[in-house]
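As they're listed, the protein sequences go chains A and B.
Residue numbering for the first sequence follows the working numbering, beginning at 1 and increasing consecutively.
Residue numbering for the second sequence follows the working numbering, beginning at 169 and increasing consecutively.
Notes for the one structure printed next.
There are 2 protein chains.
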Amino acid sequence: MMDGDVALALRRAGLDDGDAVWDVIRPALRAGETYALPRDISKADALALWLAADRETWLAEDQEGRTLGVYYLKANQGGGGSHVANCGYMTAVEAAGRGVARAMCAHSLERAGGRGFRAMQFNFVVSTNERAVRLWRAFGFETVGVLPDAFEHPRLGVVDALVMHRRL
Amino acid sequence: MMDGDVALALRRAGLDDGDAVWDVIRPALRAGETYALPRDISKADALALWLAADRETWLAEDQEGRTLGVYYLKANQGGGGSHVANCGYMTAVEAAGRGVARAMCAHSLERAGGRGFRAMQFNFVVSTNERAVRLWRAFGFETVGVLPDAFEHPRLGVVDALVMHRRL
Numbered sequence: 001m002m003d004g005d006v007a008l009a010l011r012r013a014g015l016d017d018g019d020a021v022w023d024v025i026r027p028a029l030r031a032g033e034t035y036a037l038p039r040d041i042s043k044a045d046a047l048a049l050w051l052a053a054d055r056e057t058w059l060a061e062d063q064e065g066r067t068l069g070v071y072y073l074k075a076n077q078g079g080g081g082s083h084v085a086n087c088g089y090m091t092a093v094e095a096a097g098r099g100v101a102r103a104m105c106a107h108s109l110e111r112a113g114g115r116g117f118r119a120m121q122f123n124f125v126v127s128t129n130e131r132a133v134r135l136w137r138a139f140g141f142e143t144v145g146v147l148p149d150a151f152e153h154p155r156l157g158v159v160d161a162l163v164m165h166r167r168l
Numbered sequence: 169m170m171d172g173d174v175a176l177a178l179r180r181a182g183l184d185d186g187d188a189v190w191d192v193i194r195p196a197l198r199a200g201e202t203y204a205l206p207r208d209i210s211k212a213d214a215l216a217l218w219l220a221a222d223r224e225t226w227l228a229e230d231q232e233g234r235t236l237g238v239y240y241l242k243a244n245q246g247g248g249g250s251h252v253a254n255c256g257y258m259t260a261v262e263a264a265g266r267g268v269a270r271a272m273c274a275h276s277l278e279r280a281g282g283r284g285f286r287a288m289q290f291n292f293v294v295s296t297n298e299r300a301v302r303l304w305r306a307f308g309f310e311t312v313g314v315l316p317d318a319f320e321h322p323r324l325g326v327v328d329a330l331v332m333h334r335r336l
């Protein structure tokens with residue numbers, strides 16, 4: 001934790017946490033600036049992804065039980081690629097800048113290591129998402145790929161996406 | 169076409185082409201040396217991928233109507249990433265070295281361009297799959313990412329995977 005960070009408890013999400021998950025992820029999905037998913041994705045389709053059977057999903061809650069963040073952890077590939085983990089993090093709009101993503105990333109790295117994953121990879125970090133890129137770098141992630149013009153940003157036009165990786 | 173290449177016709181696969189698709193992809197899936205999928209994947213699960221609603225699947229047939237190759241074409245990402253295509257190609261074991269992958273790749277690039285995709289990306293080219301890497305390079309693909317130790321090869325141990333990309 002750093003100064004100004006909110007105290008959080010992490011717990012596994014269940015299928016009955018759909019509303020809490022949706023409240024966190026909906027604004028970012030509608031904005032369409034960070035995830036390569038349709039901006040008009042339905043609640044059902046989004047939750048089918050975030051609570052899919054191939055991943056575990058965690059909620060970051062403050063001391064009043066409010067959900068301030070959501071992340072999922074899964075194998076990035078199957079078969080011969082299943083030793084590399086993948087995560088996706090979302091912070092509630094009202095909690096931006098309070099260490100929620102940092103707490104989730106720290107938790108996910110420990111969790112992934114404990115499950116035996118040997119590395120973590122982010123497949124599509126929008127290069128203009130500077131706060132995220134800076135945070136992943138602080139956690140030891142390196143850019144192992146640059147996908148040229150891979151993302152059509154709603155405000156900024158066509159921008160690169162990054163593949164980021166660190167060993168566990 | 170190059171000398172020694174077999175003459176092929178490409179046609180769209182339908183749901184009733186499952187057996188033909190499976191005959192082509194099964195040996196490569198069981199070998200587990202080129203795709204990051206479980207080596208023991210069932211026929212149903214494999215066909216659910218290869219004939220999924222999010223992609224179009226093409227068969228490469230020789231003049232006797234034998235299926236010598238299968239490929240799929242789809243958007244690599246949704247939303248702001250949907251202008252980049254992705255393909256997966258498989259050649260029948262008995263047809264290796266006869267230009268089947270070359271014919272499929274040429275077809276897929278034209279098809280993807282015709283559909284308005286602006287680039288094609290391969291997310292996970294096993295670096296030891298030298299024949300494939302050489303072929304994609306000949307088609308103008310560049311390595312835009314190296315995923316360190318991303319693939320556990322059944323014979324060669326842990327090897328890198330490549331992210332390859334070309335504009336359309």
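We put the CB at the ideal spot given by N, CA and C, even for glycine.
Kindly say whether residue i, judged by its beta-carbon, lies nearer than 7 Å to any beta-carbon of chain B.
i	result
VAL183 of chain A	One cannot answer for residue 183 of chain A here, as it falls past the ends of chain A, which runs 1 to 168.
GLY145 of chain A	yes
GLY32 of chain A	yes
VAL133 of chain A	no
VAL125 of chain A	no
VAL84 of chain A	yes
VAL93 of chain A	no
Within the 7 Å Cβ cut-off, does residue i reach chain A?
i	result
PHE319 of chain B	yes
VAL174 of chain B	no
VAL268 of chain B	no
VAL238 of chain B	no
Give me the chain B residues within the contact set of residue i, using Cβ-Cβ distance strictly less than 7 Å, ordered along the chain.
i	result
PRO38 of chain A	GLY246, GLY247
VAL21 of chain A	The contacting residues do not exist; VAL21 of chain A stays about 18 Å from chain B at best.
Around the C-beta of residue i, are 16 or more other C-beta atoms found within 10 angstroms, so that it is buried, or is it exposed?
i	result
GLU262 of chain B	exposed
ARG198 of chain A	Chain A is shown only over 1 to 168; residue 198 of chain A falls outside these bounds and no answer can be derived.
GLY79 of chain A	buried
LEU205 of chain B	buried
GLY265 of chain B	exposed
GLY99 of chain A	buried
GLY313 of chain B	buried
SER210 of chain B	exposed
GLY140 of chain A	exposed
ALA9 of chain A	exposed
GLY81 of chain A	buried
LEU15 of chain A	exposed
LEU156 of chain A	exposed
ALA220 of chain B	exposed
GLN231 of chain B	exposed
VAL138 of chain A	In the sequence on display, residue 138 of chain A carries Ala and not Val. Exposed is the call here.
ALA44 of chain A	exposed
Tell me which residues share the same chain as residue i and place their Cβ nearer than 6 Å to its Cβ, disregarding the 5 neighbours each side in the sequence.
i	result
LYS242 of chain B	ASP222, ARG223, ASN254
TRP136 of chain A	MET164
MET272 of chain B	ALA228, GLY237, TYR239, TYR257
PRO27 of chain A	VAL93
ALA274 of chain B	none
Tell me which residues share the same chain as residue i and place their Cβ nearer than 8 Å to its Cβ, disregarding the 5 neighbours each side in the sequence.
i	result
ARG11 of chain A	TRP58, LEU59, GLU61
LEU47 of chain A	GLY18, VAL21, TRP22
VAL158 of chain A	ASP149, PHE151, GLU152
ASN297 of chain B	GLU201, THR202
GLU310 of chain B	MET332, HIS333, ARG334
ALA287 of chain B	HIS251, VAL252, ALA253, HIS333, ARG334, ARG335, LEU336
Report the neighbours of residue i on chain A: residues whose CB is nearer than 7 Å to its CB, in chain order.
i	result
HIS275 of chain B	Those within 7 Å of HIS275 of chain B in chain A number zero; the least Cβ separation is about 23 Å.
Can you name the residues of chain A whose CB is closer than 8 Å to the CB of residue i?
i	result
ALA196 of chain B	Within chain A, no residue comes near ALA196 of chain B; the closest Cβ sits about 11 Å away, beyond 8 Å.
Anything in chain A within Cβ reach of residue i, meaning under 9 Å, just list it in chain order.
i	result
TYR257 of chain B	Here the premise fails: no neighbours, minimum Cβ distance about 17 Å.
Could you tell me which chain B residues have their CB closer than 8 Å to the CB of residue i, listed as they occur along the chain?
i	result
ALA119 of chain A	PRO316, ASP317, ALA318
Leaving out five residues on either side along the sequence, give the residues of the same chain with a beta carbon under 7 Å from the beta carbon of residue i.
i	result
ASP208 of chain B	none
GLY169 of chain A	Outside the displayed range of chain A (1 to 168) lies residue 169 of chain A, so it cannot be described from this structure.
ARG111 of chain A	LEU73
VAL192 of chain B	THR235, GLY237, VAL238, MET258, ALA260
PHE285 of chain B	HIS251, VAL252, ALA253, LEU336
SER108 of chain A	TYR71, LEU73, CYS87
ARG283 of chain B	none
From the beta carbon of residue i, is the nearest beta carbon of chain E less than 7 Å away?
i	result
PRO195 of chain B	Going by chain labels, chain E is absent from the structure shown, which instead holds the protein chains A and B.
Please confirm whether any heavy atom of the ligand ADP lies closer than 6 Å to the CB of residue i.
i	result
ALA28 of chain A	The model depicted lacks the ligand ADP and carries no ligand whatsoever.
On the three-pair Cβ rule with 8 Å, is the stretch 171 to 179 of chain B touching the stretch 195 to 202 of chain B? The answer is no - the stretch 195 to 202 of chain B does not touch the stretch 171 to 179 of chain B, with fewer than three Cβ pairs under 8 Å.
Can you confirm whether the stretch 324 to 336 of chain B touches the stretch 146 to 166 of chain A when touching is taken to mean that 3 or more C-beta pairs between the two stretches lie within less than 8 Å? Segments in contact, yes.
The stretch 312 to 326 of chain B / the stretch 287 to 303 of chain B touching (three or more Cβ pairs under 8 Å): Yes, the stretch 312 to 326 of chain B is in contact with the stretch 287 to 303 of chain B.
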